[in-house]
Amino acid sequence: MAVFLSEIKSPGLFLVKNIQGSDTTRLLEMGITPGIKLEVIRRAPLGFPVEIKIRGYLLSLRESEAKCIEVEE
Amino acid sequence: MSKEPLTIALVGNPNTGKSTIFNALTGLRQKIANYPGITVEQKVGTSIIGGVLHKIIDLPGAYSLNYKKLDERIAYETLIGSYEHEEIPDLALVVVDSSNLDRNLYLATQVMDLGIPVMLILNMSDVAKGKGISINPDLISNSLGVPVVAISAKNKSDIDQLKQKISESDLEVPEPLKWGPDDSLKEAMNLLINEWIKPYTNIPESARSIEALRLISEGEFNNAFYQFEKEEKGKSTIKKARELVEKGGGNPMATEVLSRYNFIGECTSNASSITSQTKASLTDRIDAVVTHKVAGPVIFTLVLLFMFQAIFSWATPFMDMIDLLFVEGGNWVANTLPEGMLNDLLVDGVIAGLGGVVIFLPQILFLFFFIYVLEGTGYMARAAFVMDGFMTKVGLHGRSVVPLMSGFACAIPGIMATRTIENWRDRIITIMVLPFMACSARLPVYALMIAAFIPSTTILGIFTLQGITFFGLYIFGIVMAVLAAFVMKRIFPTGQQTPFIMELPAYKMPKWSVVFQNTAERGKVFITEAGKIIVAISIVLWFLASFPKTEMPVLTQTDNTEYNSSFDVTENPESYQLRHSFAGQFGKIIEPVIEPLGFDWKIGIGLITSFAAREVMVGTLNTIYSIEEEDGESSTLKEKLINDVNPETGQPVYSIATAISLMIFFALAMQCMSTIAIVKRETNSWKWPTAMFVYMTALAYLSSFIAFQIGSNL
Ligand SMILES: Nc1nc2c(ncn2[C@@H]2O[C@H](COP(=O)(O)OP(=O)(O)O)[C@@H](O)[C@H]2O)c(=O)[nH]1
């Protein structure tokens with residue numbers, strides 16, 4: 015079942031399904047492309063940003079960006 | 249192999265070691281300057297490679313040429329030669345982080361489309377090895393079709409190897425579009441280039457592919473830095489091109505990026521391998537602690553405390569030393585040169601002005617030393633991660649915390665520190681609200697007013713009203729900063745939306761020589777660029793306070809009513825001079841304007857002179873009240889302030905309402921020429937310092953007005 019990254023509360027491995035929203039180019043350019051594995055590491059004190067690992071590096075995303083990323087377990 | 253002097257550009261993602269390589273290549277033969285008109289810095293140097301002196305440019309870090317940020321746009325414009333005063337580089341050295349190849353190679357494939365010779369530097373080989381990644385540079389070189397060299401920038405012999413490789417380079421231009429766009433995308437690009445870009449725009453030839461791809465992906469052209477005609481034709485051609493891509497089954501927004509990543513995936517899967525590691529890496533283990541929900545903010549607070557200890561206390565002895573040096577130097581000059589105007593100008597204008605510049609150095613150097621260490625290790629990004637949630641609530645950014653907190657010591661280093669904030673809008677807002685933080689130059693003024701006019705009543709057993717007032721002024725500053733940020737966030741145009749995507753680089757030991765070199769550079773930039781403005785204003789202020797020259801008439805005690813003074817005068821010549829100077833006259837002229845705030849002309853003079861630095865207010869009042877320097881303790885000044893009576897009304901000149909109004913004014917007004925100078929330098933325009941001066945001073949006037957009117961009518 016596909017969910018948005020912004021809704022994921024606990025760490026774990028996911029598969030990127032789709033990137034959507036008005037400005038998706040930068041997310042794609044950072045290597046968050048459909049079919050790639052994405053690991054949710056943790057959330058910051060107030061819930062956002064969320065820290066993920068993608069293509070072997072760590073990235074911090076705010077809620078507005080996490081909302082654009084559709085993932086699947 | 250080239251024996252010609254070349255222009256070599258270093259380009260790469262942030263944190264890949266570009267600066268380290270730049271420093272290793274150029275040594276001390278480098279200079280930093282602002283690009284004209286914008287806030288991005290340019291680093292240019294020279295390096296002798298294979299007996300030839302080459303020019304090296306360190307471009308700002310970029311994730312993509314499809315620029316979203318000013319930094320990236322500068323990198324791009326320089327590479328295509330459309331940046332004024334800068335020719336197209338003869339060679340682009342693309343620096344990539346070997347431990348993070350895929351994402352780094354994305355930019356490399358873009359640079360390879362620009363029709364300039366490219367060499368790929370696989371930096372951080374040691375880090376990659378540590379992660380169990382092994383890379384075969386020859387295979388990468390084969391798949392990409394560019395020369396590749398694997399190095400670790402911290403290693404001297406690797407730098408020599410890099411130089412060797414550069415001097416052997418045959419400067420061959422890589423095959424265009426090596427990443428292989430599919431047929432429909434290629435067709436769409438050609439359509440766009442031939443029907444619109446080529447005939448109707450001045451986009452340089454080397455940039456046509458990249459621009460065509462951008463137009464296809466974005467579907468429109470916004471404020472491009474090019475000139476173009478036939479906008480309608482452009483729009484319809486873009487639409488046609490996108491339709492072509494869609495017909496071929498692609499999504500115009502994504503197809504380019506996906507093709508590039510596919511290509512990169514093929515390259516790296518052949519050429520690199522990971523011996524799988526099961527145990528958590530050092531970075532993961534450190535992060536588990538420093539970004540922890542509870543421990544994270546606590547650790548960050550401790551780090552901040554430590555930094556402030558340094559800029560507050562450790563810098564003080566150095567500042568005292570500098571102060572002493574300039575005072576002694578001034579005295580020496582004063583006694584050595586013949587008396588006269590030149591002597592005064594040198595001592596009270598130039599030397600005092602220079603002293604006022606150099607005095608900031610210890611705090612700037614301490615702060616930047618810590619910042620470069622924290623940036624270099626990778627901790628700064630974690631701090632931003634931890635704080636971002638809190639800061640976005642008030643309209644700021646996770647990276648605003650360190651600069652804002654530094655503002656408690658002094659706004660100057662704080663404003664310089666905002667350069668760690670990448671997003672232009674967040675950075676400007678942080679700069680604009682930072683001077684509200686109660687800097688240490690306000691302390692003497694607060695202390696004087698509180699000691700003189702706030703009763704030391706005890707509250708709740710342990711607090712005094714004086715202490716609470718002090719604390720209140722700090723909180724007041726923070727609240728105003730937050731409110732101002734909140735308002736500005738709504739006023740300022742968003743511009744091109746930049747998504748907040750922040751990389752958390754792997755932890756590493758910083759290279760100490762680079763930390764020291766960069767720290768020293770900050771000091772130099774401050775002295776040479778902001779320093780000029782500060783010295784100039786100092787001289788103007790000196791002039792205003794020293795001219796026209798007047799001699800104190802010899803008066804007997806009785807005909808002392810001559811200048812309707814509010815105090816009984818056993819006046820000294822300095823006081824007389826100051827009161828009759830331009831500054832003094834100006835203080836009188838503005839009296840009607842500041843009267844509703846509860847200020848008289850004496851405070852008016854102080855407001856003018858304290859533009860040199862806020863604490864000068866106290867010194868000026870000392871002079872006006874003719875307190876001899878030797879016994880010029882604030883207790884005497886305090887008494888004089890309390891006892892000062894208006895000769896017409898017989899009422900005291902100052903009241904609690906005046907004191908509160910004055911403190912509020914000092915908390916809010918932009919009265920510091922050094923801040924103005926540094927804002928000019930950091931934003932590279934007079935627009936922002938002017939706006940800052942106007943809005944802060946207006947706010948101060950209004951707030952003091954309200955406070956005084958309420959206070960004095962209670
Ligand atoms: N271990 C290791 N660290 C490096 C290497 N190159 C750079 N660094 C470190 O990586 C950090 C970022 O480097 P810097 O030159 O500032 O990167 P820039 O943002 O691309 O200019 C600094 O702490 C450097 O000391 C390398 O080859 N190996």
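In order, the protein sequence lines correspond to chains A and B. FYI, the numbering for the first sequence is 15 to 87, going by the numbering used here. FYI, the numbering for the second sequence is 249 to 962, going by the numbering used here. Idealized CB from N, CA, C, for every residue including glycine. All values reported here derive from a predicted model rather than from experimental measurement.
Cβ-heavy atom distance, residue i to ligand 1, below 6 Å
i      : result
B/P692 : no
B/K759 : yes
B/N891 : no
B/A401 : yes
B/P253 : no
B/M639 : no
B/S858 : no
B/S312 : no
B/N371 : yes
B/N263 : yes
B/D345 : no
B/G588 : no
B/G624 : yes
Beta carbon proximity, residue i to chain A, threshold 7 Å
i      : result
B/Q745 : For B/Q745, the predicted structure reports a pLDDT of 49, less than 50, and the residue's modelled location is therefore unreliable. A value from the coordinates is still provided. Chain A contact via Cβ: present.
B/N271 : no
B/D636 : yes
B/R456 : no
B/L433 : no
B/D350 : yes
B/F953 : no
B/A946 : no
B/W427 : no
B/N261 : no
B/F616 : no
B/F748 : yes
B/S814 : At B/S814 the pLDDT is 46, less than 50, meaning the model places this residue with poor confidence and gives no usable figure here.
B/F511 : no
For residue i, the first and last residue of its enclosing alpha helix (DSSP H)
i      : result
B/H828 : P821 to H828
B/L572 : A563 to T584
B/S405 : K404 to E416
Cβ-Cβ distance between residue i and residue j below 7 Å
i      : j      : result
B/S400 : B/S373 : yes
B/A733 : B/G867 : no
B/A455 : B/I364 : no
B/T906 : B/G852 : no
B/F953 : B/P821 : no
B/M635 : B/F684 : no
B/G637 : A/P59  : yes
B/L826 : B/A793 : yes
B/N579 : B/L585 : no
B/E435 : B/L492 : yes
B/W427 : B/T357 : yes
B/S648 : B/L615 : no
CB contact check: residue i to chain B, cutoff 7 Å
i     : result
A/F62 : yes
A/S74 : yes
A/A58 : yes
A/E87 : no
A/E53 : no
A/L19 : no
A/L42 : yes
A/G35 : no
A/G70 : yes
A/G49 : no
Extent of the continuous beta strand (DSSP E) to which residue i belongs
i      : result
B/K291 : E289 to I297
B/F795 : B/F795 -> no beta strand (DSSP E), and no H or E assigned at all.
B/E751 : I749 to L752
B/G655 : Element bounds for B/G655: n/a, residue is neither H nor E.
B/D345 : L339 to D345
A/Y71  : Y71 to L75
B/H521 : The sequence given here has Ser at residue 521 of chain B, not His. Unbroken beta strand (DSSP E) run through B/S521: S520 to I522.
B/M628 : Not the beta strand (DSSP E): B/M628 falls in the alpha helix (DSSP H), residues Y627 to K641.
B/S382 : I381 to I383
Heavy atom of ligand 2 within 6 Å of residue i beta-carbon
i      : result
B/T268 : This structure simply doesn't include ligand 2; it includes ligand 1 instead.
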